[in-house]
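Engineer: Residue numbers for the first sequence follow my numbering, so the first one is 22 and each next one is one higher. Have a look at this one before I ask anything.
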Amino acid sequence: MADDKKLTTRAADFSAWYNEVVLRSELADYSPVKGCMVIRPNGYGIWERMQRQLDDMFKATGHQNAYFPLLIPESFLHKEAEHVEGFAPEAAVVTHAGGKKLDEPLIIRPTSETIIYTMFAKWVQSYRDLPILINQWANVVRWEMRTRLFLRTTEFLWQEGHTAHVTHDEAEEEARRMLGVYRDFMEGWIAMPVITGQKTESEKFAGALRTYSCEAMMQDNKALQAGTSHNLGQNFSKAFDLKFQSEQGTTEYAWNTSWGVSTRMVGGLVMTHGDDIGLRVPPLLAPIELVIVPIYRKDEERGEVLEAANRIAKSLGDWDRRASARIRVHIDARDGMKPGAKYYEWELRGIPLRLEIGPRDIAANQGVLVRRDTKEKRPVSLDTLGEDVAETLSAMQRDMLAAALDRREANSTRERISYDRFREIMDGPGGFVYAGWCGMASCESQIKEETKATIRCLPDEEFRSAEAPTTCLKCGMASTVEALWAKAY
RNA sequence: CGGGGCGUAGCGUAGCCCGGUAGCGCGCCUGCUUCGGGAGCAGGAGGUCGCCGGUUCAAAUCCGGCCGCCCCGACCA
22 MADDKKLTTR AADFSAWYNE VVLRSELADY SPVKGCMVIR PNGYGIWERM QRQLDDMFKA
82 TGHQNAYFPL LIPESFLHKE AEHVEGFAPE AAVVTHAGGK KLDEPLIIRP TSETIIYTMF
142 AKWVQSYRDL PILINQWANV VRWEMRTRLF LRTTEFLWQE GHTAHVTHDE AEEEARRMLG
202 VYRDFMEGWI AMPVITGQKT ESEKFAGALR TYSCEAMMQD NKALQAGTSH NLGQNFSKAF
262 DLKFQSEQGT TEYAWNTSWG VSTRMVGGLV MTHGDDIGLR VPPLLAPIEL VIVPIYRKDE
322 ERGEVLEAAN RIAKSLGDWD RRASARIRVH IDARDGMKPG AKYYEWELRG IPLRLEIGPR
382 DIAANQGVLV RRDTKEKRPV SLDTLGEDVA ETLSAMQRDM LAAALDRREA NSTRERISYD
442 RFREIMDGPG GFVYAGWCGM ASCESQIKEE TKATIRCLPD EEFRSAEAPT TCLKCGMAST
502 VEALWAKAY
């Protein structure tokens, strides 16, 4: 059935398209437990590459990895008032273990502030013990009412950075620095442009002083909060008695930050770059950058072509090759499957480049190189293949970011619009709208109620409009800030 | 939790209204021929029809209850 093989198109049903891409490209599958998913090798390979790069970036900014336990005494959650309000409803609680009811229930971490700051308090006595710059790679559990593959699952993988500092300003600098790291990663590696900015009171992290976020626009024009960084102030240090003696001899509470990104980014990658053929993975995150599809008729051709394919794979992927140009290559030598069927499969999986090589190519000392993003197909000499492939991959990485950026800007509204016009946009095509806000929570919540759109962030300066808005989108009073509005995941 | 949809082979489904041998496509296995955009032929394996109960000589089908999953809403990275 030809129809079975076609994906639902993005235009027809974006949600259905997303689910089909994730399942059929074998990024993930549903597990027997509601809301939980299995991350399959194709998906985990992308996550591993994300982890590796981010981990390098965290280390380069002075952080060390550590690991804190999955189980946390329930009482810990209650020590910070806003925090418990935010997370208690979605906590999974262990009440029985070892065949007995526990004296105190344990929660499965929904996030680790409480346990980590408890430990920091033990480790810090003097200002000389600060700053502490810790990151952990972990799984967390949040009992969400509605789940979606990668975007919101009951259990998810993430990293959470936790730091403690002597001063507010130092903590603030750290929170902003890590937001910048996230942005660099999302743009440089996922090729997913983001708007950075500050969250409003109603949208900030439970227990934070201030929350900053990276907001990306998906192809259905909805916003995805792709990463957050929090200046926690002294809220947690006071709740967990994280004190130190200052240089002047006084006792002070430490200033904390926390920041995290999760497997949600894989969903963001799919919704940023996928097309109606399937996934498109930016080269830097692709577990396989180049797949070689051998073409042959007779047995002797098969031997000859596979030999050539192996030679090419070795020369491109060899450890001896300069590390920066070493290519991750896979030869699809499956027998009994026609080349065309292989093309479709690798395109569905979003592998950036395909090299077709058959007897005619070998005779001409060439291969046919095909780009997944543009589907451009061209013959390339085997003599310069390494350079060609490396250049094409970097071009793809650049082009994918540029295309995503163009799409975002094309679906953003910056001119002054009436509230009625705003409602039309949100009821219709959606997108990002930059507009003034008076700062009142009532205007924010009314807009949310009437249009489902929320303030994604108060954008950082470089993202603000050339001409600052002067009136509030909702009430028409003088605006105090420019806000970015959108419907969100 | 409210609204909608769906549970039949690994996947997609027909059969259900009107009870009586569980069928089709894809995939899988074997063999031969194929192979430059989703191969063809032949043979073959694979099913507690979501679960429990009821009606009946007889239930995938009718009745009652339950469970699970997906989508849309309220909560969220």
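The beta-carbon is built from N, C-alpha and C at its ideal position, and this holds for glycine as well.
(1) Starting from the N-terminal side, write out each stretch of the beta strand (DSSP E) that is 3 residues or longer and does not extend beyond the stretch 349-403.
(2) If you count every other CB in all the chains shown that lies within 10 Å of the CB of Leu92, and 16 or more means buried, which is it?
(3) Under the three-state reduction of DSSP, which class applies to Leu154: helix, strand or coil?
(4) Under 8 Å Cβ to Cβ from Val291, same chain only, skipping five residues before and after it: list those, please.
(5) So, helix, strand or coil for Trp144, using DSSP?
(6) Consult DSSP for Ala504 and reduce its assignment to one of helix, strand or coil.
(7) DSSP three-state call for Ile468: helix, strand or coil?
(8) Can you tell which of Arg347, Glu436, Met239 and Lys243 has its C-alpha closest to the C-alpha of Ile333?
(9) Closest to Thr472 by C-alpha separation, out of Gly451, Ala462, Met461 and Glu482, would be which residue?
(10) For the stretch 230-237 and the stretch 183-201, state whether three or more C-beta atom pairs, one from each stretch, are separated by less than 8 Å.
(11) When the distance is taken between beta carbons, is Ile155 closer than 8 Å to Thr135?
(12) Would you report the Cα separation of Met238 and Lys121, rounded to the nearest angstrom?
(13) Just to check my reading of the structure: Thr284 and Leu178 have Cβ atoms closer than 8 Å, yes? What is that Cβ distance to the nearest angstrom?
(14) With C-beta atoms as the reference, is Ser413 less than 8 Å away from Arg393?
(15) Measuring only the C-alpha atoms, how far is Ser463 from Leu422?
(16) If you follow the beta strand (DSSP E) that Tyr233 is in, where does it begin and where does it stop?
(17) Enumerated in chain order, which unbroken segments of the alpha helix (DSSP H) with a length of 4 residues or greater are wholly contained in the stretch 48-79?
(18) Any idea if Trp144 is buried or exposed, counting beta-carbon neighbours within 10 angstroms, 16 or more meaning buried?
(19) Determine the contact status of Ile352 and Asn331, defining contact as a CB-CB distance below 8 Å.
(20) To the nearest angstrom, report how far apart Tyr440 and Leu494 are at their CA atoms.
(21) Could you give the distance in angstroms between the alpha-carbon of Glu321 and the alpha-carbon of Ser415?
(22) So which of Glu368, Ser267 and Ser223 has the shortest CA-CA distance to His294?
(23) Can you tell me which residues form a DSSP beta bridge with Gln176?
(24) In terms of DSSP beta bridges, what is Glu273 paired with?
(25) Can you confirm whether the stretch 496-510 touches the stretch 243-250 when touching is taken to mean that 3 or more C-beta pairs between the two stretches lie within less than 8 Å?
(26) Could you name the residues that DSSP lists as bridge partners for Ala509?
(27) Pull up the distance between the alpha-carbon of Ala362 and that of Asp356, whole angstroms please.
(28) Taking all protein chains shown into account, decide if Ala431 is buried (16 or more other Cβ within 10 angstroms of its Cβ) or exposed.
(29) Count Cβ pairs between the stretch 206-217 and the stretch 68-87 that sit closer than 8 Å; are there 3 or more?
(30) Taking the alpha helix (DSSP H) that His84 belongs to, which residues open and close that run?
(31) Does the separation of the CB atoms of Ile137 and Ala113 fall below 8 Å?
(32) How would you call Asn63, buried or exposed, if buried means at least 16 neighbouring beta carbons within 10 angstroms?
(33) Closer than 7 Å by C-beta to Asp382: which residues in its own chain qualify, once you throw out the five before and the five after it? Chain order, please.
(34) Roughly how many whole angstroms lie between the Cα atoms of Ile313 and Gly379?
(35) Short check: CB of Gly218 to CB of Pro480, under 8 Å?
(36) I need the DSSP call for Glu193, collapsed to helix, strand or coil.
Structural biologist: Checking against the coordinates, here is how it stands:
(1) 350-352, 374-378, 387-392 and 398-402
(2) Indexing the first sequence from 1 puts residue 92 at position 71. Flag for Leu92 reads exposed.
(3) For the purposes of this step, residue 154 is identified with residue 133 of the first sequence, where counting begins at 1. In this structure, Leu154 counts as strand in the three-state DSSP scheme.
(4) Taking the first residue of the first sequence as 1, we reach residue 291 at position 270. Excluding residues within five positions, the ones whose Cβ falls inside 8 Å are Tyr39, Val42, Val43, Leu48, Phe171 and Leu300.
(5) Along the first sequence, one-based indexing puts residue 144 at 123. Helix, per DSSP.
(6) Taking the first residue of the first sequence as position 1, residue 504 is located at position 483. Strand.
(7) In the first sequence, residue 468 corresponds to position 447, counting from 1. Helix at Ile468.
(8) Locating residue 333 in the first sequence gives position 312, where the first residue counts as 1. Ranking Arg347, Glu436, Met239 and Lys243 by Cα distance to Ile333 puts Arg347 first.
(9) Residue numbering aside, residue 472 sits at position 451 when the first sequence is read from its first letter. Selected option, being the one with the closest Cα: Gly451.
(10) yes
(11) Within the first sequence, numbered from 1, the residue matching residue 135 stands at position 114. Within the first sequence, numbered from 1, the residue matching residue 155 stands at position 134. The answer is no: Cβ separation not under 8 Å.
(12) Numbered from 1 along the first sequence, position 217 holds the residue referred to as residue 238. Numbered from 1 along the first sequence, position 100 holds the residue referred to as residue 121. Cα to Cα, the separation comes out at about 49 Å.
(13) Within the first sequence, numbered from 1, the residue matching residue 284 stands at position 263. Within the first sequence, numbered from 1, the residue matching residue 178 stands at position 157. Correct: roughly 5 Å between the Cβ atoms.
(14) As a position in the first sequence, residue 413 is number 392, starting the count at 1. As a position in the first sequence, residue 393 is number 372, starting the count at 1. It is worth fixing the name first, because residue 413 is Thr in this sequence and not Ser. In this structure, Arg393 does not lie closer than 8 Å to Thr413 by Cβ.
(15) Mapped onto the first sequence, residue 463 falls at position 442. Mapped onto the first sequence, residue 422 falls at position 401. Their backbone Cα atoms lie some 37 Å apart in a straight line.
(16) Within the first sequence, the letter at position 212 stands for residue 233. First-last of the beta strand (DSSP E) with Tyr233: Arg231 to Met238.
(17) none
(18) Residue mapping note: residue 144 aligns to position 123 of the first sequence, counting from 1. So Trp144 counts as exposed.
(19) Your numbering for residue 352 matches position 331 in the first sequence. Your numbering for residue 331 matches position 310 in the first sequence. Closer than 8 Å, so yes.
(20) In the first sequence, counting from the first residue as 1, residue 440 sits at position 419. In the first sequence, counting from the first residue as 1, residue 494 sits at position 473. Taking the straight line from one Cα to the other gives about 6 Å.
(21) Along the first sequence, read from residue 1 onward, the residue named residue 321 stands at position 300. Along the first sequence, read from residue 1 onward, the residue named residue 415 stands at position 394. The straight-line gap from Cα to Cα measures roughly 36 Å.
(22) As a working note, residue 294 is residue 273 in the first sequence. Measuring from the Cα of His294, the nearest candidate turns out to be Glu368.
(23) Translated into the one-based positions of the first sequence, residue 176 becomes position 155. Inspection of the sequence shows that residue 176 is occupied by Glu rather than by Gln. DSSP output for Glu176 lists Val162 as bridge partner(s).
(24) Translated into the one-based positions of the first sequence, residue 273 becomes position 252. Glu273 pairs with Phe265.
(25) yes
(26) As a first step, residue 509 must be located in the first sequence, where it is residue number 488. Bridge partners of Ala509: Ala244.
(27) Here residue 362 refers to the residue found at position 341 of the first sequence. Here residue 356 refers to the residue found at position 335 of the first sequence. About 12 Å.
(28) Translated into positions along the first sequence, residue 431 becomes position 410. Ala431 should be labelled exposed.
(29) yes
(30) Working through the first sequence from its first residue, we reach residue 84 at position 63. From DSSP, His84 is part of no alpha helix (DSSP H); its letter is neither H nor E.
(31) Position 116 of the first sequence holds residue 137. Position 92 of the first sequence holds residue 113. No, Cβ-Cβ distance for Ile137 and Ala113 is not below 8 Å.
(32) The residue labelled residue 63 in the question sits at position 42 within the first sequence. With 16 or more Cβ atoms within 10 Å of its Cβ, Asn63 is classed as buried.
(33) Here residue 382 refers to the residue found at position 361 of the first sequence. So the qualifying residues of the chain are Gly388 and Val389.
(34) Taking the first sequence and counting its residues from 1, one reaches residue 313 at position 292. Taking the first sequence and counting its residues from 1, one reaches residue 379 at position 358. For Ile313 and Gly379, the distance between alpha carbons rounds to 10 Å.
(35) Within the first sequence, the letter at position 197 stands for residue 218. Within the first sequence, the letter at position 459 stands for residue 480. Cβ distance < 8 Å, so Gly218 and Pro480 count as in contact.
(36) Taking the first residue of the first sequence as 1, we reach residue 193 at position 172. Helix at Glu193.
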